[in-house]
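Visitor:
Residue numbers (UniProt numbering): 1 to 263.
1. Per DSSP, which residues does residue 245 bridge with? Please list them.
2. Starting from the N-terminal side, write out each stretch of the beta strand (DSSP E) that is 3 residues or longer and does not extend beyond the region 173–204.
3. Are residue 111 and residue 50 close, meaning C-beta to C-beta below 8 Å?
4. Residue 133 by DSSP, collapsed to three states: which one?
5. Might you give, ordered along the chain, the residues of its own chain that have their beta carbon closer than 6 Å to the beta carbon of residue 243, omitting 5 neighbours on each side?
6. Could you pull out every residue in the same chain whose Cβ sits closer than 6 Å to the Cβ of residue 256, ignoring the five residues on either side in sequence?
7. Restricting to runs no shorter than 3 residues, where is the beta strand (DSSP E) found entirely within the region 88–162?
8. Do residue 38 and residue 148 have their C-beta atoms closer together than 8 Å?
9. Give the DSSP bridge partners of residue 254, in chain order.
10. Since residue 131 and residue 20 should fall inside the 8 Å C-beta cutoff, what is the C-beta to C-beta distance between them, to a whole number of angstroms?
11. Within the same chain, show all residues whose beta-carbon is closer than 8 Å to that of residue 185, passing over the 5 residues directly before and after it, in chain order.
12. From which residue to which residue does the alpha helix (DSSP H) around residue 66 run?
13. Taking 8 Å as the limit between beta carbons, can you name the residues of its chain near residue 160, skipping five residues before and five after?
14. Along the chain, where does the beta strand (DSSP E) that runs through residue 50 open and close?
15. What first and last residue would you give for the alpha helix (DSSP H) that runs through residue 86?
16. With a Cβ-Cβ cutoff of 8 Å, do residue 141 and residue 62 count as a contact?
17. So, helix, strand or coil for residue 55, using DSSP?
18. Using the rule of at least 16 other Cβ atoms within 10 Å of the residue's Cβ for burial, across every protein chain shown, is residue 171 buried or exposed?
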């Protein structure tokens, strides 16, 4: 009996301890409150943030840019993942980096470049394993787009509301049951996200504007950080209509119950 009770206690403690943290930025300026949250969850001065610059056409420049922003806020250690394409040797380096990093950040650029590397199932599964064990994941622009299971590539027609005209591919999928879009208000991307949500009404559409971020805890609650707005589309109740939520800094949303959280 004692052993059974002990096992239950240990299981509950382990379950409580395992947290999932995701910070997705809509592009543009990286909001200081979003980066400070990343730094905090990555262990502050004792932590380490791994920058993954694969989306960028100039990977070293992409790394140095985000490192500069983070270093202006904290002395936390910031390291770069090996540049893509990976070799057998650099893949081993990356997997070892993932074991020690407390935070992982994907830079902007082309999300398809990131997913090309993540076609490697070992790396793909390692990312998920770390995310499910208290490592905070973050990204901006292309680094945000990959967080959906169904990832918008950027190709397709933007002058119609028709999800069949928007190209999607497999994403990293840390944020299930959601399609996320970035640069949303600035680049007037409402058509493509509304079209996709009408096509896949069981999914929520989250459009994040530039200079703005969404902090997601345990894939359940979302909080807006930064300067602009986040739009959330929900068409689950009807294929001919959808709910639209406008969220600003400090607003929170329940991703499970699909409603704003009253503060």
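Virtual Cβ for every residue (Gly too), placed ideally from N, Cα, C. If you're wondering where the values come from, they're calculated on a predicted model, not measured in any experiment.
Guide: Let me spell this out:
1. Against the chain shown, residue 245 aligns to sequence position 245. Beta-bridge pairing links residue 245 to 232.
2. 178–181
3. The sequence position of residue 111 within the chain shown is 111, counting from 1. The sequence position of residue 50 within the chain shown is 50, counting from 1. Contact: no.
4. To locate residue 133, count along the chain shown from 1; it is residue 133. Note: residue 133 maps to coil in three-state DSSP.
5. By one-based count along the chain shown, residue 243 stands at place 243. Short of 6 Å from the beta carbon of residue 243, and not among the five residues preceding or following it, lie these beta carbons of its own chain, in chain order: 234.
6. Walking along the chain shown from the start, residue 256 turns up at place 256. If the five residues before and after residue 256 are omitted, its C-beta is found closer than 6 Å to the C-beta atoms of 220, all from its own chain and listed in chain order.
7. Qualifying beta strand (DSSP E) stretches, in chain order: 103–106, 136–140 and 150–156.
8. For this step, residue 38 is matched to residue 38 along the chain shown. For this step, residue 148 is matched to residue 148 along the chain shown. The answer is no: Cβ separation not under 8 Å.
9. Residue numbering aside, residue 254 sits at position 254 when the chain shown is read from its first letter. Answer by DSSP bridge pairing, in chain order: 221 and 259.
10. Mapped onto the chain shown, residue 131 falls at position 131. Mapped onto the chain shown, residue 20 falls at position 20. Yes, residue 131 and residue 20 are in contact; Cβ-Cβ is about 6 Å, under 8 Å.
11. Numbered from 1 along the chain shown, position 185 holds the residue referred to as residue 185. The residues are 207, 209, 210, 228, 229 and 231.
12. If you number the chain shown from 1, residue 66 lands on position 66. Residue 66 -> alpha helix (DSSP H) spans 59–71.
13. To locate residue 160, count along the chain shown from 1; it is residue 160. 191 and 195, listed in sequence order.
14. The residue you call residue 50 lines up with position 50 of the chain shown. Per DSSP, residue 50 belongs to the beta strand (DSSP E) from 48–52.
15. Locating residue 86 in the chain shown gives position 86, where the first residue counts as 1. Here residue 86 belongs to no alpha helix (DSSP H), and DSSP marks it neither H nor E.
16. Residue 141 sits at position 141 when you count from the first residue of the chain shown. Residue 62 sits at position 62 when you count from the first residue of the chain shown. Going by C-beta atoms, residue 141 is not nearer than 8 Å to residue 62.
17. Numbered from its first residue, the chain shown carries residue 55 at position 55. When secondary structure is reduced to three states using DSSP, residue 55 falls in the coil class, being assigned neither helix nor strand.
18. In the chain shown, counting from the first residue as 1, residue 171 sits at position 171. So residue 171 counts as buried.
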